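Chains as they are written, first to last, in UniProt numbering: chain Y, 1 to 345; chain C, 1 to 345; chain B, 1 to 345; chain D, 1 to 345.
There are 4 protein chains.
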Amino acid sequence: MKVAIVGSTGYGGVELIRLLASHPLAEVTSVISSSSAGTSITEGYPHLTGIREELLDDVDPAAIKAKADVVFLATPPGVASKLVPQLLEAGLKIIDLSGDFRLKSPDLYKEWYKKEAADEAYLKRAVFGLPEVYGDSVQDAPFISNPGCYPTATLLGLVPAVKEGWIDPSTIIIDAKSGVSGAGRGASLGTHYSELNENFRAYKLNQHQHIPEIEMVLSDMAARPVVATFSTHLVPMTRGIMSTMYASVQGERSAQDFIDLYKSYYEGRPFVRIRPEGQWPSTKEVWGSNYCDIGFAVDKRTGRVTIVSVIDNLVKGAAGQAIQNLNLMMGWDETLGLQFVPAYP
Amino acid sequence: MKVAIVGSTGYGGVELIRLLASHPLAEVTSVISSSSAGTSITEGYPHLTGIREELLDDVDPAAIKAKADVVFLATPPGVASKLVPQLLEAGLKIIDLSGDFRLKSPDLYKEWYKKEAADEAYLKRAVFGLPEVYGDSVQDAPFISNPGCYPTATLLGLVPAVKEGWIDPSTIIIDAKSGVSGAGRGASLGTHYSELNENFRAYKLNQHQHIPEIEMVLSDMAARPVVATFSTHLVPMTRGIMSTMYASVQGERSAQDFIDLYKSYYEGRPFVRIRPEGQWPSTKEVWGSNYCDIGFAVDKRTGRVTIVSVIDNLVKGAAGQAIQNLNLMMGWDETLGLQFVPAYP
Amino acid sequence: MKVAIVGSTGYGGVELIRLLASHPLAEVTSVISSSSAGTSITEGYPHLTGIREELLDDVDPAAIKAKADVVFLATPPGVASKLVPQLLEAGLKIIDLSGDFRLKSPDLYKEWYKKEAADEAYLKRAVFGLPEVYGDSVQDAPFISNPGCYPTATLLGLVPAVKEGWIDPSTIIIDAKSGVSGAGRGASLGTHYSELNENFRAYKLNQHQHIPEIEMVLSDMAARPVVATFSTHLVPMTRGIMSTMYASVQGERSAQDFIDLYKSYYEGRPFVRIRPEGQWPSTKEVWGSNYCDIGFAVDKRTGRVTIVSVIDNLVKGAAGQAIQNLNLMMGWDETLGLQFVPAYP
Amino acid sequence: MKVAIVGSTGYGGVELIRLLASHPLAEVTSVISSSSAGTSITEGYPHLTGIREELLDDVDPAAIKAKADVVFLATPPGVASKLVPQLLEAGLKIIDLSGDFRLKSPDLYKEWYKKEAADEAYLKRAVFGLPEVYGDSVQDAPFISNPGCYPTATLLGLVPAVKEGWIDPSTIIIDAKSGVSGAGRGASLGTHYSELNENFRAYKLNQHQHIPEIEMVLSDMAARPVVATFSTHLVPMTRGIMSTMYASVQGERSAQDFIDLYKSYYEGRPFVRIRPEGQWPSTKEVWGSNYCDIGFAVDKRTGRVTIVSVIDNLVKGAAGQAIQNLNLMMGWDETLGLQFVPAYP
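Here you go:
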């Protein structure tokens with residue numbers, strides 16, 4: 001299977017290159033970057049010396065089609081919405097890592113992304129690629145919209161409880177924390193080393209563009225509209241997301257009950273690991289891997305459950321999940337090329 | 001004013017030494033450590049070379065009384081409860097930075113600290129030294145119990161809203177994050193560099209010993225029993241605490257309304273800084289200083305307020321607040337020796 | 001090929017587990033720890049949840065022989081020297097990651113390690129496993145002593161120039177820097193997070209036990225005794241070593257001359273990457289991989305060359321190189337199970 | 001004494017504001033920034049909320065003169081060279097933190113800074129403000145050029161030994177390491193958090209613009225031309241510089257001999273602290289303070305001394321030393337406003 005990557009010089013693109021290098025059935029045949037076409041990818045990424053030395057291609061649907069069967073889009077907001085129609089027209093399968101096709105409503109996209117939305121016809125064709133929740137629709141889909149990093153950690157932590165009615169959806173509060181690589185490679189004061197090191201920062205409270213994506217799935221699971229409080233924070237580290245989530249428990253449920261429910265819901269899903277009672281995952285325990293680890297605490301005093309969910313934002317939150325979607329799209333084993341042990345310490 | 005510090009070789013003690021070095025009216029006349037008595041403090045802390053070179057004293061109430069008028073206790077749990085009676089007997093004024101005298105109920109102490117509580121008679125004599133809330137009782141008190149680091153950031157962020165009934169106390173959720181220095185200087189796997197660096201970790205969910213201290217004050221403010229959900233996380237940095245707090249708003253209140261309320265409540269209190277709308281403090285913005293900075297977000301969609309409160313855990317969360325209490329106890333200006341500009345970056 | 005790991009609960013052991021998990025021809029059949037035998041390895045390393053859940057075995061040569069053909073020793077100083085005779089007796093092949101068998105002289109070991117040396121008969125049987133320098137002797141060797149982390153980065157950066165007489169061996173100065181994981185998992189004040197974060201520290205100047213190992217190989221290459229100045233520093237990061245090396249150039253040589261020499265010396269050696277002129281590798285560019293990257297600067301003003309060499313101390317500096325040695329020992333392709341792209345960023 | 005700061009929105013400027021806030025005799029009356037004039041300094045630096053809220057002034061020599069007696073220039077290369085003549089003309093005393101007036105030779109400036117040099121007449125009037133070496137000329141000087149951060153750490157570590165002829169100047173090798181704040185506040189890929197965190201990087205080998213400044217002073221001390229090998233590295237931390245320096249010892253000298261020599265040379269100089277034998281300073285041990293700490297190792301095997309010198313690059317390497325120069329310029333006690341205990345941890 002020949003694969004092209006558009007947006008190869010961003011962190012998402014370069015992580016796709018890293019992971020696909022050990023995929024047994026997929027081969028990257030074109031690394032593409034509109035901004036750096038014609039230069040070697042090792043100029044910006046010397047760690048690829050001796051691994052990938054070829055020049056970066058420009059974005060050209062016909063040329064892509066000549067070289068590849070599947071294309072990953074790891075592009076900034078607003079790029080995929082324009083590219084996808086041409087790529088689909090050219091007969092390519094697509095996995096879009098950007099947010100352009102995640103929301104089904106163009107109005108919602110415009111409201112949260114402050115940009116024009118993609119054509120609604122194409123929005124409808126995109127399958128939301130969260131395999132552990134929507135695995136059946138991912139199977140054989142030709143066009144997949146890969147979930148955001150925060151929504152992946154958050155939804156895997158909330159879906160079983162919401163779906164089963166074990167928590168009151170109107171009480172959901174999500175306190176999320178991310179490493180800085182989630183902000184991409186663009187240099188700015190907000191990602192300047194001296195400003196972030198030895199610092200912990202809250203940002204975009206109630207305003208993050210991942211909010212409608214989270215609510216879309218929670219509403220689907222609850223079968224009624226759900227709005228949630230969602231906060232984001234920057235942690236002085238490169239990789240990793242933790243969502244600490246709170247909700248009121250419906251009925252009498254212990255942490256062990258939640259553990260049993262989640263183990264059963266994620267049965268046969270190799271990338272979700274449920275932790276034993278009293279153990280909560282830390283982000284380093286999934287570093288560099290495609291795992292999402294989840295732990296629980298139930299507080300009898302307040303009647304609330306606390307759910308801790310962690311991922312590597314560049315793997316399960318981006319490139320790894322995209323490859324998982326590729327595997328499912330092709331009918332392959334979900335874990336192909338993704339059986340990395342987390343790099344610890 | 002002559003001052004002794006018991007527990008001088010812990011991070012709290014050494015921070016007292018740093019801050020008191022520029023206090024115009026207090027002089028440290030005895031640095032005390034039961035574990036290192038007879039050695040120079042520079043052996044363990046070479047940064048004090050040329051600043052304090054004298055030998056550490058042993059813990060001896062009579063000797064302390066001979067050298068000092070006020071004693072700071074920066075000791076592990078269970079030490080102050082035994083020392084305080086002798087020190088009070090000896091006629092010393094006391095500021096205890098440990099948790100031994102914060103809770104008025106011995107049973108509560110035993111339940112959360114898993115240790116024997118101090119004698120109830122002495123528990124009653126300790127004044128809870130959160131000056132911005134209990135300033136009147138701190139004034140002239142001979143024995144002050146200095147609040148914990150998490151409670152300081154949390155309570156300063158919640159008290160005005162709870163007191164005024166602007167938030168529903170039964171909905172309070174506190175998601176707290178701390179730098180690693182809060183764990184002290186004792187080496188363990190839990191504070192081992194390679195385990196914490198590039199890692200974000202949740203711990204002691206619903207079990208932290210600061211919970212009853214927070215609830216004690218919130219209940220006092222609400223004039224009814226309050227229980228709260230409280231989570232703690234370790235951030236890969238040395239100093240700084242952020243409490244991100246959530247609650248349902250009672251009535252129609254904007255972020256600006258909260259800002260106005262808090263500015264009015266903290267009027268004349270130099271160490272609390274309320275941020276303008278849309279701005280949330282980060283921990284580095286108070287690094288090394290005695291400030292507590294607070295920002296707000298109100299979400300009309302969910303009817304909740306998010307309150308972000310930050311401190312330096314070793315200053316406003318420990319040694320700085322202890323000196324602020326000393327100043328008030330002595331009838332001095334609250335800011336003496338504490339007018340540090342945060343060290344940024 | 002069945003493989004056992006003694007010392008599985010140290011960072012070297014757990015990195016062997018990570019890397020061997022994707023080795024196509026080797027299978028870990030016994031994870032061994034004398035200190036934690038009988039417990040699950042996931043107790044100390046939750047990141048292995050679902051990957052390796054079995055109980056840790058105790059150290060028992062007969063039992064190891066029953067389960068494995070090759071044994072990796074990732075043990076503290078002084079352990080391998082006692083174990084190796086029994087394991088060789090039992091007919092096992094051995095790759096020792098500790099320093100016990102690197103120095104051929106028992107006196108030198110005693111002097112630098114402050115411990116009793118291994119039996120000289122066994123010292124003689126150990127092959128020093130630096131494949132890019134001593135590849136021929138590694139081939140088919142039944143007992144390999146894996147080089148230290150600092151020596152690996154340093155020697156790969158110096159050997160070609162010393163061997164060819166391009167630098168004056170009496171002028172060699174090595175300024176080495178390491179991430180903290182090199183100190184292992186044992187908690188101490190020296191590896192305490194708050195002491196190392198936002199700190200850069202020099203240690204063991206002229207005293208590091210890796211000095212005789214470096215000088216042994218340099219002397220071999222120069223065909224005369226070489227002593228070198230060697231300094232070590234702790235960098236506030238987990239993984240990575242950089243050796244910055246200085247020496248006077250013999251004859252007229254440009255940086256490009258050095259590049260050409262090294263490219264030619266390391267021809268066919270996939271894990272050494274020589275950087276183009278004006279580019280010096282940083283540690284993150286080899287993070288998680290088995291690469292050693294080397295760059296050069298020649299200063300006409302001073303007549304000195306500066307050589308920068310980087311590795312991941314846990315991979316090329318320990319577990320990765322050990323697996324490379326396994327591959328060579330077995331006559332396999334050197335890169336089996338080691339074709340990781342560095343994890344960047 | 002009224003003081004103005006030009007370049008108030010850079011890290012050097014904002015550190016001047018921090019330190020001068022507790023200076024007993026100097027008062028900052030104008031904070032100036034050409035790029036941000038008319039806005040509040042708290043917009044870019046919220047940590048100054050409630051401390052300095054006034055608007056930033058534009059650069060106007062007459063207006064500065066109306067408000068201040070002394071002006072600090074904390075400006076990028078090439079700015080001071082144009083401003084200084086006007087400011088001197090206006091009768092202002094000047095302390096320039098930039099590199100524009102450090103080198104006496106315009107050609108050398110052009111060669112290393114790749115910019116036009118300042119007018120030679122003004123170059124001659126600037127006094128090089130390294131008080132521990134050139135204290136006499138600093139006294140009463142109206143125009144001081146503040147040394148660079150690397151030169152400060154390096155020269156304080158080398159001057160006594162070079163001056164006394166204890167080391168061979170032709171053998172000097174300087175391996176320097178800096179925290180990232182030395183690169184200033186301008187955002188770029190080179191200071192992007194995800195690129196620097198968990199990374200150690202060499203840069204500008206033999207090319208750093210501080211080389212001629214170091215050689216100028218060493219040549220002065222040796223009374224003959226000295227060229228030195230000088231390497232710079234970026235450490236994943238915000239503040240701190242360590243220079244590890246190597247040279248061949250002339251004659252028989254022990255580490256203790258060096259300690260005695262340096263103690264004697266720096267007698268009466270409060271900001272240089274010489275460490276006892278076997279102890280080398282780490283950067284955190286001077287964090288936030290104006291100290292330069294120095295330690296020694298002498299290796300009989302190689303005949304070399306290793307000198308370790310550390311400073312906080314923003315304090316002794318910039319703003320602190322500038323204030324020390326102000327104190328000396330005004331005939332005040334050298335330590336006024338600078339008696340900070342290092343912030344540890």
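Here a beta-carbon is modelled for each residue, glycine too, at the ideal position from N, C-alpha and C. Keep in mind the model is a prediction, meaning the values are calculated, not measured.
Query, Result
"Counting only Cβ-Cβ distances shorter than 8 Å, please list the residues of the segment 237–257 of chain C near chain Y, keeping chain order.", "Met237, Thr238, Arg239, Gly240, Met242, Thr244 and Tyr246"
"Measure the CB-CB distance between valine 138 of chain B and asparagine 325 of chain B and report whether it falls below 7 Å.", "yes"
"Just to confirm the assignment: which complete alpha helix (DSSP H) runs, minimum length 4, are found wholly within the segment 226–299 of chain B?", "255–265"
"Would you tell me roughly how many angstroms separate the C-alpha atoms of tyrosine 45 of chain Y and proline 46 of chain B, rounded to the nearest one?", "32 Å"
"Residues of the segment 191–211 of chain B in Cβ contact with chain D at a cutoff of 7 Å, in chain order, please.", "Ser194, Glu195, Glu198, Asn199, Phe200, Arg201, Ala202, Leu205 and Asn206"
"Excluding five sequence neighbours on each side, which residues of the same chain lie with their C-beta closer than 7 Å to the C-beta of threonine 238 of chain Y?", "Gly179, Val180 and Ser181"
"Closer than 7 Å, Cβ to any Cβ of chain Y: which residues of the segment 127–146 of chain B, in chain order?", "none"
"Give the interface partners of threonine 302 of chain D over in chain C, defined as CB-CB distance under 9 Å, in chain order.", "The premise fails here: threonine 302 of chain D is roughly 26 Å from chain C at the closest Cβ pair, so nothing lies under 9 Å."
"With DSSP run on the structure shown, which of helix, strand or coil describes isoleucine 167 of chain Y?", "strand"
"Measure from the C-beta of alanine 343 of chain D to each C-beta in chain Y and report whether the shortest distance is under 7 Å.", "no"
"Please report the straight-line C-alpha distance between leucine 314 of chain B and alanine 161 of chain B, rounded to a whole angstrom.", "26 Å"
"Kindly list the residues whose CB is nearer than 8 Å to the CB of threonine 39 of chain C, restricted to its own chain and excluding five residues on each side of it in sequence; keep chain order.", "Leu55 and Leu56"
"For alanine 318 of chain Y, decide whether its Cβ has a neighbour in chain A, counting only Cβ atoms nearer than 7 Å.", "Among the protein chains of the structure shown, namely Y, C, B and D, there is no chain A."
"Which class does arginine 304 of chain B belong to by DSSP, given the choice of helix, strand or coil?", "strand"
"Could you give the first and the last residue of the continuous beta strand (DSSP E) run that contains threonine 75 of chain Y?", "Note, threonine 75 of chain Y: premise wrong, no beta strand (DSSP E); not H, not E."
"Would you mind telling me which residues of chain B sit closer than 7 Å to valine 308 of chain D, beta carbon to beta carbon, in chain order?", "Ala202"
"Going by beta carbon distance, what residues of the same chain come within less than 7 Å of threonine 302 of chain D, once the five residues before and after it are set aside?", "none"
"Could you check what DSSP says for tyrosine 203 of chain C in three-state terms: helix, strand or coil?", "strand"
"Tell whether a beta-carbon distance below 7 Å holds between threonine 154 of chain D and serine 248 of chain D.", "no"
"Based on DSSP bridge pairs, tell me the residues matched to isoleucine 174 of chain Y.", "Y:Phe230 and Y:Met245"
"So, do the segment 254–269 of chain Y and the segment 25–43 of chain B have three or more beta carbon pairs nearer to each other than 8 Å?", "no"
"Kindly indicate if chain D contains any beta-carbon less than 7 Å away from that of alanine 161 of chain B.", "no"
"Quick one: does lysine 67 of chain D have its CB under 7 Å from some CB of chain B?", "no"
"Using 8 Å as the threshold, is the segment 72–85 of chain B in touch with the segment 304–313 of chain Y, meaning 3 or more CB pairs across them?", "no"
"Within its chain, find whatever has a CB closer than 7 Å to the CB of valine 227 of chain B; leave out the 5 residues flanking it on each side and keep chain order.", "Glu215"
"Start and end of the beta strand (DSSP E) containing isoleucine 51 of chain C?", "First-last for isoleucine 51 of chain C: undefined, no H or E at that position."
"So, is the C-beta of alanine 187 of chain D closer than 7 Å to a C-beta in chain Y?", "yes"
"Could you check if glycine 12 of chain B is buried or exposed, using at least 16 other CB atoms within 10 Å of its CB as the buried criterion?", "buried"
"Below 7 Å on C-beta distance, what does isoleucine 173 of chain B contact in chain D?", "Ile173 and Tyr246"
"Quick check on DSSP: helix, strand or coil for serine 40 of chain D?", "strand"
"Taking glutamate 164 of chain B as the reference, which of B:Glu120, B:Lys67, B:Lys300 and B:Phe258 has the closest Cα?", "B:Phe258"
"Excluding sequence positions up to five away, which residues of its chain have a Cβ less than 8 Å from the Cβ of glycine 288 of chain Y?", "Arg239, Asp312, Val315, Phe340, Pro342 and Ala343"
"Going along the chain, which unbroken runs of the alpha helix (DSSP H) with 4 or more residues stay wholly within the UniProt domain \"Semialdehyde dehydrogenase NAD-binding\" (2–141) of chain Y?", "11–20, 41–44, 61–67, 80–89, 106–113, 120–125 and 131–138"
"Could you pull the start and end residues of the alpha helix (DSSP H) that serine 145 of chain D belongs to?", "That residue, serine 145 of chain D, is in no alpha helix (DSSP H); its beta strand (DSSP E) goes 143–145."
"Give me the Cβ distance between alanine 322 of chain D and leucine 156 of chain D, rounded to the nearest whole Å; I'm assuming they're in contact under 8 Å.", "The pair is not a contact, with the Cβ atoms about 16 Å apart (cut-off 8 Å)."
"Residues of chain C with CB under 7 Å from aspartate 299 of chain Y, in chain order?", "Asn206 and Thr229"
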